[in-house]
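Student: In the working numbering, the protein residues as written are 27 to 433.
Here a beta-carbon is modelled for each residue, glycine too, at the ideal position from N, C-alpha and C.
Computed from a prediction, not measured in an experiment: that's the story for all the values here.
Sharing a structure, written as structure tokens. Questions coming.
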Amino acid sequence: MNFLSNAQNKNGNPITMPNKHKYRLTLPLVLISAIFAGCSKDKPSAPPDKVPSAEKAEAGGDKVVTLSADEGATSGVHTAVLEQQIFADQLTVTATIEPAQDRYASIAPRISGKVDKVMVGLGEQVRAGQTLALVDSIEAGEAQSAYAQAVTELSVARSAAERAERLQADQIIPQKDVLRARADLEKAKAIARAAGDRRHALGLSGRDGETSKTPSIFPVTAPFAGTVVDKKAVLGELAQPDKPLFAIADMSHVWIETNLFEKDLARVKPGAQAVVTVAAYGSEAFRGKVTYVSSVMDKETRTVKARVEVPNPEGKLKLGMFASAAISTEGSQKALMLPNEAVVLVQGQPTVFVKRGEGFDTRAVELGDKRQGLVEIKGGVKTGETVVTQGAYALKAKLLKSQISAD
């Protein structure tokens, strides 16, 4: 540009550049400046290696939880070195709770009649021999009348025989009259016995005071103490021998019915101990034993029925519940076990806390079978690591709080 600035016209005056030439020179400079400015805006604000720790955690890195001295004293966190433990081998099966069939009764009258009165309701506890309902039956009335008549005739025949014995002793009547009186007595005894047997067969014997006024009304009673688990008796409806009015179950013992696959038959023997759990009571265990393994295999499912009998003194186990039964087998195995409370859910994944330095790492784990308040750890941690056994929920709360603060 020096040669332009020093140029002169023929009169000796300096030559001045037009404005349009100035624009031609300054426009490239403006474009270059804009390009450099745009590049500076696209430059990242922080180098890639300065990603915040929270973002690393979200990207799949370890989440570390640390506790202050005060928090450590109040959180109740306890740790233990993870070691393999030897346990009796178990077979875990799903099952349903059924009544013990030798303590279960469907109760129906032995003769037809109309339900005259219902004495108990569904779910009530009843004692042995307690009246459940009263039934009015014409057949019962006829049987009761025949029995009463037979008893009366027997009393008359007995009195006649005794009188004949006295008269014959005084030689007032001949011996043949005595023999006839004795024959009438034996006949009356046979008739009374037959009437009593029919009465007993119809379930009419042993009536209480409530039914003695009307011969046609008889009670339906409980054969043993238990709980009324089904009730079909309706006042005024017809009761028949083939239609049970009540069902009673002794719930102090229940049966856990399950099906065993063919491959597991050799592992389960009658008498084996079993631990039963249900969803309603969490990890609470109900102990019982195998009392029956069927000798017949279902052709369609290729399974065999098995039964576990479990005491149920408090009545917690209800009929129809789904249950899980862990049946002990003859073998044994080693497994890494932790208390159930040591495993918590973090973002829907079973997780444990592993000690690292002054803090605790979160570690996703794979769970196995549960037994006696413990859960098997099949993957995610290894033998020798120090794992939190108590206080995991306190650490989870601390973790969630730190994540919220970071966000």
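Between which residues of its own chain and L421 is the CB-CB distance below 7 Å, once the five residues before and five after are set aside?
Tutor: Position 395 of the sequence shown, counted from the start, is the residue given in the question as residue 421. Closer than 7 Å at Cβ, skipping near neighbours: V91, V103, F379, F386, V414.
Student: Going by the beta-carbon positions, is the gap between I123 and V280 smaller than 7 Å?
Tutor: In the sequence shown, counting from the first residue as 1, residue 123 sits at position 97. In the sequence shown, counting from the first residue as 1, residue 280 sits at position 254. Against a cut-off of 7 Å, the Cβ pair of V280 and I123 comes out as a contact.
Student: What are the boundary residues of the alpha helix (DSSP H) that includes A174?
Tutor: Along the sequence shown, read from residue 1 onward, the residue named residue 174 stands at position 148. Per DSSP, A174 belongs to the alpha helix (DSSP H) from 164 to 195.
Student: In the DSSP assignment, what are the bridge partners of A418?
Tutor: Position 392 of the sequence shown, counting from 1, holds the residue named residue 418. Paired residues: none, contrary to the question.
Student: Hey, how far is the Cα of M277 from the Cα of E283?
Tutor: Looking up residue 277 in the sequence shown gives position 251. Looking up residue 283 in the sequence shown gives position 257. Using only the alpha carbons, I get a separation of about 15 Å.
Student: Which same chain residues, not among the five before or five after R208, have their C-beta less than 6 Å away from its C-beta?
Tutor: The residue you call residue 208 lines up with position 182 of the sequence shown. If we look at R208 and ignore the five residues flanking it on each side, its Cβ neighbours are A187.
Student: To which residues of the same chain is P267 closer than 8 Å at the C-beta, ignoring the five residues directly before and after it?
Tutor: Within the sequence shown, the letter at position 241 stands for residue 267. Excluding positions up to five away in sequence, the list reads A134, P135, R136, I137, S138.
Student: Report the three-state DSSP secondary structure of I123 (helix, strand or coil).
Tutor: For the purposes of this step, residue 123 is identified with residue 97 of the sequence shown, where counting begins at 1. Of the three classes helix, strand and coil, the one that applies to I123 here is strand, per DSSP.
Student: In chain order, what residues of the same chain have a beta carbon less than 6 Å from the beta carbon of R129, not counting five sequence neighbours either side?
Tutor: Looking up residue 129 in the sequence shown gives position 103. For R129, where only same-chain residues beyond five positions count, the Cβ hits under 6 Å are D276.
Student: With a 10 Å radius around its C-beta and 16 neighbouring C-beta atoms as the bar for buried, classify S320 as buried or exposed.
Tutor: One-based indexing of the sequence shown puts residue 320 at position 294. Counting Cβ neighbours within 10 Å, S320 comes out exposed, since fewer than 16 surround it.
Student: In angstroms, rounded to a whole number, what distance separates the CA positions of Q116 and I353?
Tutor: By 1-based counting over the sequence shown, the position of residue 116 is 90. By 1-based counting over the sequence shown, the position of residue 353 is 327. If you take the alpha carbons of Q116 and I353, they lie about 5 Å apart.
Student: Return yes when the Cβ of V144 is within less than 7 Å of the Cβ of L261, no when it is not.
Tutor: The residue you call residue 261 lines up with position 235 of the sequence shown. The residue you call residue 144 lines up with position 118 of the sequence shown. Yes, the pair counts as a contact, with Cβ atoms nearer than the cut-off.
Student: Excluding five sequence neighbours on each side, which residues of the same chain lie with their C-beta closer than 6 Å to the C-beta of L228?
Tutor: Reading the sequence shown from its first residue, position 202 is the one you call residue 228. So the qualifying residues of the chain are R136, I137, A169.
Student: With contact counted as at least three CB pairs below 8 Å, one residue from each stretch, are the segment 361 to 368 and the segment 388 to 404 in contact?
Tutor: Yes, the segment 361 to 368 touches the segment 388 to 404.
Student: Report the three-state DSSP secondary structure of S431 (helix, strand or coil).
Tutor: Here residue 431 refers to the residue found at position 405 of the sequence shown. Note: S431 maps to helix in three-state DSSP.
Student: Does E236 pass the burial test, meaning 16 or more other C-beta atoms within 10 Å, or should it be called exposed?
Tutor: For this step, residue 236 is matched to residue 210 along the sequence shown. For E236, the pLDDT reaches just 39, beneath the cut-off of 50, and the residue's location in the model is therefore unreliable, although a value from the coordinates is still provided. The residue is exposed, with fewer than 16 neighbouring Cβ atoms inside 10 Å.
Student: Using C-beta distances below 7 Å, list every residue in its chain close to E84, excluding the 5 sequence neighbours before and after it, in chain order.
Tutor: As a first step, residue 84 is located in the sequence shown; it is residue number 58 there, counting from the start. Only weak support exists for where E84 lies, its pLDDT of 34 falling under 50; the value from the coordinates is given anyway. Nothing meets the Cβ criterion.
Student: Do the CB positions of R225 and Y173 come within less than 7 Å of each other?
Tutor: Residue 225 sits at position 199 when you count from the first residue of the sequence shown. Residue 173 sits at position 147 when you count from the first residue of the sequence shown. Yes, the Cβ-Cβ distance between R225 and Y173 is below 7 Å.
Student: In angstroms with no decimal places, state the Cα-to-Cα distance between D196 and A176.
Tutor: Position 170 of the sequence shown, counted from the start, is the residue given in the question as residue 196. Position 150 of the sequence shown, counted from the start, is the residue given in the question as residue 176. The alpha-carbon atoms of D196 and A176 are separated by roughly 30 Å.
Student: At which residues does the beta strand (DSSP E) containing D203 begin and terminate?
Tutor: Counting from one through the sequence shown, the residue named residue 203 turns up at place 177. Run containing D203: none in the beta strand (DSSP E); it sits in the alpha helix (DSSP H), 201 to 227.
Student: Buried or exposed for S171, please, with buried defined as at least 16 other CB atoms from any protein chain shown within 10 angstroms of its CB.
Tutor: Taking the first residue of the sequence shown as 1, we reach residue 171 at position 145. So S171 ends up on the exposed side.
Student: Using only alpha-carbon positions, find the residue among G341, N285, E191, V255 that is nearest to G435.
Tutor: Residue 435 lies beyond the range of the chain shown here (27 to 433); nothing can be said about it.
Student: Using three-state DSSP, classify E411 as helix, strand or coil.
Tutor: Your numbering for residue 411 matches position 385 in the sequence shown. If DSSP states are grouped into helix, strand and coil, E411 belongs with coil.
Student: To the nearest angstrom, report how far apart E150 and Q416 are at their CA atoms.
Tutor: Along the sequence shown, one-based indexing puts residue 150 at 124. Along the sequence shown, one-based indexing puts residue 416 at 390. If I take the Cα positions, the gap works out to 43 Å.
Student: So is D324 buried or exposed if we call it buried at 16+ other beta carbons inside 10 Å?
Tutor: Numbered from its first residue, the sequence shown carries residue 324 at position 298. D324 should be labelled exposed.
Student: For the beta strand (DSSP E) that contains I137, what are its first and last residues?
Tutor: The count along the sequence shown starts at 1 and reaches residue 137 at position 111. Element bounds for I137: n/a, residue is neither H nor E.
Student: Taking just the CA atoms, how far does L93 sit from S431?
Tutor: On the sequence shown, residue 431 is found 405 positions in, with the first residue counted as 1. On the sequence shown, residue 93 is found 67 positions in, with the first residue counted as 1. Whole-angstrom Cα-Cα distance: 16 Å.
Student: Who are the Cβ neighbours of V204 in its own chain at under 7 Å, not counting the five residues just before and after it?
Tutor: In the sequence shown, counting from the first residue as 1, residue 204 sits at position 178. Closer than 7 Å at Cβ, skipping near neighbours: A190, E191, Q194.
Student: So F287 and T329 are in contact, right, with Cβ under 8 Å, and what is the actual spacing, rounded?
Tutor: Here residue 287 refers to the residue found at position 261 when the sequence shown is read from its first residue. Here residue 329 refers to the residue found at position 303 when the sequence shown is read from its first residue. Separation of the CB atoms of F287 and T329 is rounded to 6 Å, and the pair is thereby assigned contact status at 8 Å.
Student: Identify whether R153 lies in helix, strand or coil by the three-state DSSP scheme.
Tutor: As a first step, residue 153 must be located in the sequence shown, where it is residue number 127. In this structure, R153 counts as coil in the three-state DSSP scheme.
Student: Please state the DSSP three-state secondary structure of L364.
Tutor: Start at 1 with the first residue of the sequence shown, and residue 364 comes out as number 338. DSSP places L364 within a strand segment (E or B) once states are collapsed to three.
Student: Between which two residues does the beta strand (DSSP E) containing S320 stretch?
Tutor: In the sequence shown, residue 320 corresponds to position 294, counting from 1. 312 to 323 is the span of the beta strand (DSSP E), which, as asked, contains S320.
Student: Who are K381's beta bridge partners in DSSP?
Tutor: Your numbering for residue 381 matches position 355 in the sequence shown. DSSP lists F386 as partners of K381.
Student: Let's see if you can read the secondary structure: which residues bound the beta strand (DSSP E) around E392?
Tutor: Along the sequence shown, read from residue 1 onward, the residue named residue 392 stands at position 366. Annotation for E392: the continuous beta strand (DSSP E) segment containing it runs 392 to 397.
Student: Go ahead and pull the three-state DSSP assignment for E263.
Tutor: Taking the sequence shown and counting its residues from 1, the one referred to as residue 263 is at position 237. In the structure shown, E263 sits in coil (DSSP, three-state: anything other than H, G, I, E or B).
Student: Expressed to the nearest angstrom, what Euclidean distance is found between the alpha-carbon atoms of Q429 and K331?
Tutor: Residue mapping note: residue 429 aligns to position 403 of the sequence shown, counting from 1. Residue mapping note: residue 331 aligns to position 305 of the sequence shown, counting from 1. Taking the straight line from one Cα to the other gives about 51 Å.
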